[in-house]
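**Q** Have a look at this one before I ask anything.
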Amino acid sequence: MRPNKNILLTFDYEPYLGKKSGSAKKCVIEPTNALLSIVKKYNAKCVFFVDLLYVSYLKKIPDLHLDFEAIKAQLILLNKNGHFIFPHIHPHWIDSVYIKEEKQFDLSNLSRYSLSMFSVSEINDLFTEAIRLLNDIGISYNAYGYRAGGWCIQPFCNFKDIFLRNNIISEFSVLPGYKNKSMTQAFDFSDVTTNKPYLFSDRVEIPDIKGLFKEFPISTIYCNGSVVLQDKIVKKYLWKTGDRGWGDGISADTASFKSNSNNQEMISIDILTIAKLKLYKSYINKNDYMHWISHPKMFTHHGLYTFEKFLKYCHSHFNVEYDFNKMI
Ligand SMILES: [Zn+2]
C-alpha cells in the first residue's frame, strides 16, 4: 500500500505591492500559465488567492481594460479546470496611486497595509466588494476560503461575523511559529506548533474541536547550513543566467517572506532550488500534510523545474490528495 499524502498547493495571485506593481502579464498571467502546464500533467488542483482589490482597480481604469479581461479569462479557466479561486485582500490598494504613463500602480503608501487599521464595517465593505467581483466574473462557491494579505488575520474577532456572512469557512493565513510586529504588519503565530489542519472558533491560533471554521496552517521547513550554502550557489548561478523571477514590479517593504532568523522557511516554489529538493522529499516522507505558499510573480524557471521533479517523485511513491476539503 502506498501511503496517502496531502499536498496543498496555494498561490497568492497578485502583482507587486510596493513602489511599482509591475504588469499583469509578467506578474500573474505568464507565470500562472507556466505553472498550469506542469500541474495539469499530474492532475494537481491548486488554490489561488486572488488580490481582488487589484482586479477591481484594473476593471475601473479604462487603460487597463485588456489586463482586466486577460485576468478574468485566466480565472475562469482556472475555475473550469477545478482549481479554487478565493479572495485575498490587500487593503492598501485604497491608498494606491495610478501611474498613467507606465500603466502601473504605486503602492508604497503602507500606512493601511493591514486590515487591522480599518473598522469592522470598512473591512466588511472590502470583503463584500471582493466577493461581488468574483461572482461578477462568474465564480462562486457554497463555502469560500480566505488568505489575509500579509498574514494579518488577527484579531479574528474583527473577521468572524464577516466570515459567517460571506460563507467563508476555510482559513489559510496561519504561519506556525512566526511572529511579526511592525508599524505596517502584525501577526503572532508563535504558539502554533501543529502542522495539520484544525478547527477553530474565535481565534485562528487556538484549535477548538467544536469550531465552525477550518484552519490550514502553512508548512515550513528547516534548512541546515550546508543546504543554505548550496542554495546560495544555485541562486547566484540563476541570477547570472538571468533566471531572476518572473514579475517586473517592486516589492513592498514589509516582513521578509523568505525565512525567519533560524533557517526555518516556508515551503514555496518561489524559493525552491535543486539544492533543497532532497529536503523537500524527506519532508513529505515524514509528514502527511504539506501546505505550500507560492507567488507566480516570484517563480523562476528553475523553481518550476524543481517543483515538477518533486511532484513526479510524489506521484511515484504516494497516493496524493490535493483537495483541501478532504484534508480535515
Ligand atoms: Zn498577498
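For any residue, its number in our numbering is found by taking its place in the sequence shown, counting from 1, and adding 203. Just so it is clear, CB atoms sit at the ideal spot from N, CA and C, and this is done for glycine as well. As the structure is a prediction and not an experimental result, all values here were calculated from the model.
#1: Can you give me the Cβ contacts of serine 462 inside the same chain, cut-off strictly under 7 Å, excluding the 5 residues immediately before and after it?
#2: Return yes when at least one heavy atom of ligand 1 lies under 7 Å from the C-beta of aspartate 473, else no.
#3: Among the candidates Val242, His291, His268, whose CA atom is the shortest distance from the CA of leucine 256?
#4: Closest to aspartate 456 by CA distance: which of Gly221, Pro206, Phe502 is it?
#5: Skipping 5 residues on each side, what residues in its chain have a beta carbon closer than 8 Å to that of serine 319?
#6: Buried or exposed: where does serine 240 fall if 16 or more other Cβ atoms within 10 Å of its Cβ makes it buried?
#7: As a quick exercise: from Phe308, Lys500, Leu281, pick the residue whose alpha carbon is nearest that of serine 259.
#8: To the nearest angstrom, report how far apart phenylalanine 321 and leucine 336 are at their CA atoms.
#9: How many angstroms separate the CA atom of aspartate 364 from the CA atom of valine 407?
#10: Using CA coordinates, which residue listed in Ile453, Ser343, Asn427 is at the minimum distance from phenylalanine 287?
#11: Measuring only the C-alpha atoms, how far is asparagine 490 from proline 206?
#12: Since asparagine 417 and isoleucine 531 should fall inside the 8 Å C-beta cutoff, what is the C-beta to C-beta distance between them, to a whole number of angstroms?
#13: Nearer than 7 Å: is that true of the beta carbon of glutamate 374 relative to any heavy atom of ligand 1?
#14: Do you know offhand how far leucine 281's Cα is from leucine 267's?
#15: Work out the CA separation of proline 379 and aspartate 339 for me, nearest whole Å.
#16: If the criterion is Cβ atoms closer than 8 Å, does the pair leucine 514 and alanine 247 meet it?
#17: Which residues neighbour ligand 1 when neighbourhood means a C-beta less than 7 Å away from any of its non-hydrogen atoms? List them by chain order.
#18: What would DSSP say about arginine 315, mapped onto helix, strand or coil?
#19: Going by Cα to Cα distance, which pick from Trp449, Val253, Thr331 is closest to glutamine 277?
#20: According to the neighbour-count rule (16 or more other Cβ atoms, all chains shown, within 10 Å of its Cβ), is isoleucine 232 buried or exposed?
#21: Write down the C-beta distance between isoleucine 470 and isoleucine 424 rounded to the nearest angstrom, noting that I regard them as a contact closer than 8 Å.
#22: For serine 317, does the count of other Cβ atoms within 10 angstroms reach 16, so buried, or fall short, so exposed?
#23: For glycine 353 and tyrosine 219, what's the separation of their Cα atoms in angstroms?
#24: Under a three-way DSSP split, which group does asparagine 161 fall into?
#25: Starting from aspartate 364, trace the alpha helix (DSSP H) in both directions and tell me its first and last residue.
#26: Thinking just about the alpha-carbon of each residue, which of Ile302, Gly428, Ala478 is nearest to the one in lysine 438?
#27: Cα separation between isoleucine 279 and serine 429?
#28: Can you tell which of Lys228, Phe419, Tyr516, Met386 has its C-alpha closest to the C-alpha of lysine 306?
#29: For valine 395, count neighbouring C-beta atoms within 10 Å of its own C-beta (all shown protein chains included) and say buried if the count is 16 or more, exposed if not.
#30: Determine the DSSP secondary structure at glutamate 332, reduced to helix, strand or coil.
#31: According to the Cβ coordinates, are tryptophan 449 and lysine 500 closer than 8 Å?
#32: What's the gap between the Cα of phenylalanine 366 and the Cα of lysine 443?
#33: Quick one: what's threonine 423 bridged to in DSSP?
#34: Rank Lys283, Lys399, Ala333, Leu329 by C-alpha distance to the C-alpha of leucine 211 and give the top, closest one.
#35: According to the neighbour-count rule (16 or more other Cβ atoms, all chains shown, within 10 Å of its Cβ), is asparagine 528 buried or exposed?
**A** Per the coordinate set shown:
#1: Summary for serine 462: the model assigns pLDDT 49, below 50, so the residue's position carries little reliability; its value from the coordinates is reported in the next sentence. Here the set comprises Glu468.
#2: Exclusion of aspartate 473 from the 7 Å shell around ligand 1 follows from its C-beta lying no nearer than that to any non-hydrogen atom of the ligand.
#3: Distances from the alpha-carbon of leucine 256 to those of Val242, His291, His268 put His291 closest.
#4: Gly221
#5: Excluding residues within five positions, the ones whose Cβ falls inside 8 Å are Cys355, Gln357, Pro358, Asn361, Ala389.
#6: exposed
#7: Phe308
#8: 21 Å
#9: It is roughly 14 Å from the alpha-carbon of aspartate 364 to the alpha-carbon of valine 407.
#10: Ser343
#11: 11 Å
#12: Note on identity: in this sequence residue 417 is lysine, with asparagine being the wrong assignment. About 5 Å; that satisfies the 8 Å criterion.
#13: no
#14: 21 Å
#15: 35 Å
#16: yes
#17: Checking every Cβ against the heavy atoms of ligand 1 under 7 Å gives Asp215, Glu217, Leu220, Asp254, His291, His293, Gly352, Gly353.
#18: coil
#19: Selected option, being the one with the closest Cα: Val253.
#20: That one is buried.
#21: 5 Å
#22: buried
#23: 12 Å
#24: Since the displayed the chain opens at 204 and closes at 531, residue 161 lies outside it and no answer follows.
#25: In the DSSP assignment, aspartate 364 falls within the alpha helix (DSSP H) that extends over 363 to 368.
#26: Ala478
#27: 43 Å
#28: Lys228
#29: buried
#30: Here DSSP, grouped into helix, strand and coil, assigns glutamate 332 to helix.
#31: Their beta carbons are under 8 Å apart, which means tryptophan 449 touches lysine 500 by this criterion.
#32: Taking the straight line joining both Cα atoms gives about 46 Å.
#33: For threonine 423, which the question treats as bridged, DSSP gives the partners Met469.
#34: Lys399
#35: Here asparagine 528 is exposed: its Cβ has fewer than 16 other Cβ atoms, across all protein chains shown, within 10 Å.
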